[in-house]
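All residue numbers for the sequence shown refer to full-length UniProt numbering, where the first residue is 1 and numbers rise by one.
Ideal placement from N, C-alpha and C gives every residue a C-beta, glycine not left out.
Since this is a predicted model, take the numbers as computed values, not measurements.
In what follows, a structure is listed as structure tokens, so that the remarks can point back to it.
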Amino acid sequence: MDKLNRIKGALYGAAIGDALGAPLEFMPQEQIKAQFGTVRDMIGGGWLKTMPGEGTDETALMLATAYGIMKQPENPFPEIGKNFINWAISRPKDISDTTLRSIDKTMSKGHGKYTIPKARWHESAAQVDVFSNRGSVDNGAILNTLYPALYYTDENTVVSKALDISNMTHVNTQSDNACRIYCQFIFRILNKDITKKDMDIMLDNTMYYDYKNEEVQPTASAYDSIVTMLHAFMNTDNFEDAIITAVNYGGDSDTIGAITGGLAGCFYGYDAIPTRFIDTLPEDIKHMLDTVINAINL
Numbered sequence: 001m002d003k004l005n006r007i008k009g010a011l012y013g014a015a016i017g018d019a020l021g022a023p024l025e026f027m028p029q030e031q032i033k034a035q036f037g038t039v040r041d042m043i044g045g046g047w048l049k050t051m052p053g054e055g056t057d058e059t060a061l062m063l064a065t066a067y068g069i070m071k072q073p074e075n076p077f078p079e080i081g082k083n084f085i086n087w088a089i090s091r092p093k094d095i096s097d098t099t100l101r102s103i104d105k106t107m108s109k110g111h112g113k114y115t116i117p118k119a120r121w122h123e124s125a126a127q128v129d130v131f132s133n134r135g136s137v138d139n140g141a142i143l144n145t146l147y148p149a150l151y152y153t154d155e156n157t158v159v160s161k162a163l164d165i166s167n168m169t170h171v172n173t174q175s176d177n178a179c180r181i182y183c184q185f186i187f188r189i190l191n192k193d194i195t196k197k198d199m200d201i202m203l204d205n206t207m208y209y210d211y212k213n214e215e216v217q218p219t220a221s222a223y224d225s226i227v228t229m230l231h232a233f234m235n236t237d238n239f240e241d242a243i244i245t246a247v248n249y250g251g252d253s254d255t256i257g258a259i260t261g262g263l264a265g266c267f268y269g270y271d272a273i274p275t276r277f278i279d280t281l282p283e284d285i286k287h288m289l290d291t292v293i294n295a296i297n298l
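As structure tokens, this is what we get:
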């Protein structure tokens, strides 16, 4: 499969998984079954009252990260930070608690027009983790590592940039571990055509080594989200079934849908994504996705 197919699949897949899962966020699996059966289409609604195809903070922050890298790839952190702040002050419908606290604390220490160095972001995020009693274990940084895994061409650079980006809002070992394995999956699928068996081998020396025997718990924790994603992705054989399985677990369904969509989209490619999902995405989101896709050197 050519790289463009995988890159486009990853980014569109993430946005689609986010939009598919958004209306189901915080709903238990049993409630979803009772109310909808199995959700297979972008229905909109939920506590955020989204329109069909509308995403959440997951897609917004993924794009904020991508635009920062696109503008200044060698040192993207100040640009990403500007994008995070401008998005946060735009009064979005949804923003995770850890991300909001990290942005607020960084802004209080900022200078100039939000040109804030990486170290200042990391310092603020570390303080948020301490003050919240190690509360930065949530999954809010995982999808922000998708674009660096697609953009940079060296795996060590990918991991370094991805963790530096994730640490702008989340400084926690559980979050770091989730972000590391996620960006490595994406990079190796794109550049080494790894199989699901290869991915299982990659997990052997990580905290996810026994994921097959763990119960799915679709919470907002980074660990639970990766385990849930793995169950949805590894136990299906196409993009559609992977994201439908992921979001119908309920819980933190937008984030889990987004990270599953990014992984499955990269693995199966853009051509494997049903057109009904693509057609339902807002035109402005598709334009932004295409812009950051075209910025990647193939």
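Beta carbon of residue i, beta carbon of residue j: below 9 angstroms?
| i | j | result |
| --- | --- | --- |
| S102 | D57 | no |
| R6 | G265 | yes |
| A19 | E54 | yes |
| D80 | M168 | The residue asked about is misnamed: residue 80 is Ile in this sequence, not Asp. It is a contact, given that the beta carbons lie within the stated cut-off. |
| I32 | G250 | yes |
| G21 | T255 | yes |
| D210 | Q217 | no |
| L289 | Y12 | yes |
| T38 | P78 | no |
| S175 | V137 | yes |
| V292 | Y67 | yes |
| L63 | I285 | yes |
| P282 | M27 | no |
| I166 | A141 | The residue asked about is misnamed: residue 166 is Ser in this sequence, not Ile. In contact: S166 and A141 (Cβ atoms closer than 9 angstroms). |
| K49 | K93 | yes |
What are the partner residues of residue i, as DSSP defines its beta bridges?
| i | result |
| --- | --- |
| T50 | G45 |
| D138 | S221 |
What whole-angstrom Cβ distance do residue i and residue j have, given they're in contact under 8 angstroms?
| i | j | result |
| --- | --- | --- |
| L150 | L190 | 6 angstroms |
| F277 | I16 | 5 angstroms |
| N172 | D129 | 5 angstroms |
| K105 | S132 | The Cβ separation is near 11 angstroms, so there is no contact. |
| W47 | E30 | So it is not a contact: roughly 17 angstroms between Cβ atoms. |
| C183 | V158 | 6 angstroms |
| G262 | L163 | Wrong, their Cβ atoms sit about 17 angstroms apart, outside the cutoff. |
| M234 | T260 | In fact, because the Cβ distance is near 11 angstroms, the residues do not count as touching under 8 angstroms. |
| G9 | A246 | Incorrect: roughly 16 angstroms between the Cβ atoms, too far for contact. |
| M199 | F185 | 6 angstroms |
| I43 | P23 | 5 angstroms |
| N139 | S221 | 7 angstroms |
| T98 | H170 | 6 angstroms |
| I69 | P117 | Wrong, their Cβ atoms sit about 16 angstroms apart, outside the cutoff. |
| L100 | A88 | 7 angstroms |
*Check whether the stretch 200 to 207 touches the stretch 239 to 247, taking contact to mean three or more Cβ pairs, one atom from each stretch, closer than 8 angstroms.*
no
*Enumerate, from N- to C-terminal direction, the unbroken alpha helix (DSSP H) stretches of 4 or more residues contained entirely within the stretch 236 to 297.*
Every alpha helix (DSSP H) stretch that sits fully inside the stretch 236 to 297 and reaches 4 residues is listed by chain position as 239 to 248, 253 to 268, 275 to 280, 283 to 294.
*Runs of alpha helix (DSSP H) wholly within the stretch 72 to 155 (minimum 4 residues, chain order)*: 77 to 88, 97 to 108, 118 to 131, 146 to 151
*Which full runs of the alpha helix (DSSP H) of 4+ residues lie inside the stretch 162 to 220, going along the chain?*
173 to 192, 196 to 203
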